[in-house]
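Numbering (this note's numbering), first residue to last: 5 to 100. Where a beta carbon is used, it is the ideal one built from N, C-alpha and C, also for glycine. All figures in this text were calculated on a predicted structure; none of them were measured in a lab.
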Amino acid sequence: MNENVVRNANTVNVHTVGETILIVSEVLQLSDRTRQAMTAETCLLGAVPEFDSMAVVSIITALEEQYGFIVDDDEVEASTFETVGSLADFVNKKLS
């Protein structure tokens with residue numbers, strides 16, 4: 005698990021949204037401007053052209069490496085990748 009994650013629910017949520025934005029933008033190779041405009045409400049599925057099935061696999065791998073958890077195939081649902089916030093919520097659930 006990332007040493008910077010604090011076990012306070014509000015702190016974890018804010019932290020993982022920021023980390024999620026960084027991971028998504030790095031995996032998708034988004035510009036700094038696009039990354040800076042991203043929030044928890046930013047849509048991913050259907051809204052970001054670079055967000056395809058290979059990107060999903062790469063993002064899951066990056067999250068597993070960053071946070072030290074394993075994502076099973078049956079845990080992956082489209083709703084997890086609707087927004088940055090839904091992906092961050094998934095990370096929070098895995099960390100709890």
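Count the other C-beta atoms from every protein chain shown that fall within 10 angstroms of the C-beta of residue i, then say buried if there are 16 or more, exposed otherwise.
{"i": "F55", "result": "buried"}
{"i": "I27", "result": "buried"}
{"i": "L67", "result": "buried"}
{"i": "T46", "result": "buried"}
{"i": "I64", "result": "buried"}
{"i": "S29", "result": "buried"}
Verify whether the separation of the beta carbon atoms of residue i and residue j is less than 8 Å.
{"i": "T87", "j": "A59", "result": "no"}
{"i": "L48", "j": "F85", "result": "yes"}
Thinking just about the alpha-carbon of each residue, which of the options is nearest to the one in residue i?
{"i": "S62", "options": "V95, E23, L32", "result": "L32"}
{"i": "E22", "options": "Q40, S35, L34", "result": "As written in the sequence, residue 22 is Gly, which differs from the Glu given in the question. Closest by alpha carbon: Q40."}
{"i": "E81", "options": "S57, S100, E30", "result": "S57"}
What distance in whole Å lies between the Cβ atoms of residue j and residue i, which are believed to be in contact at a cut-off of 8 Å?
{"i": "T38", "j": "L91", "result": "Their Cβ separation, rounded to whole angstroms, is 16 Å, which puts T38 and L91 out of contact at 8 Å."}
{"i": "K98", "j": "Y71", "result": "7 Å"}
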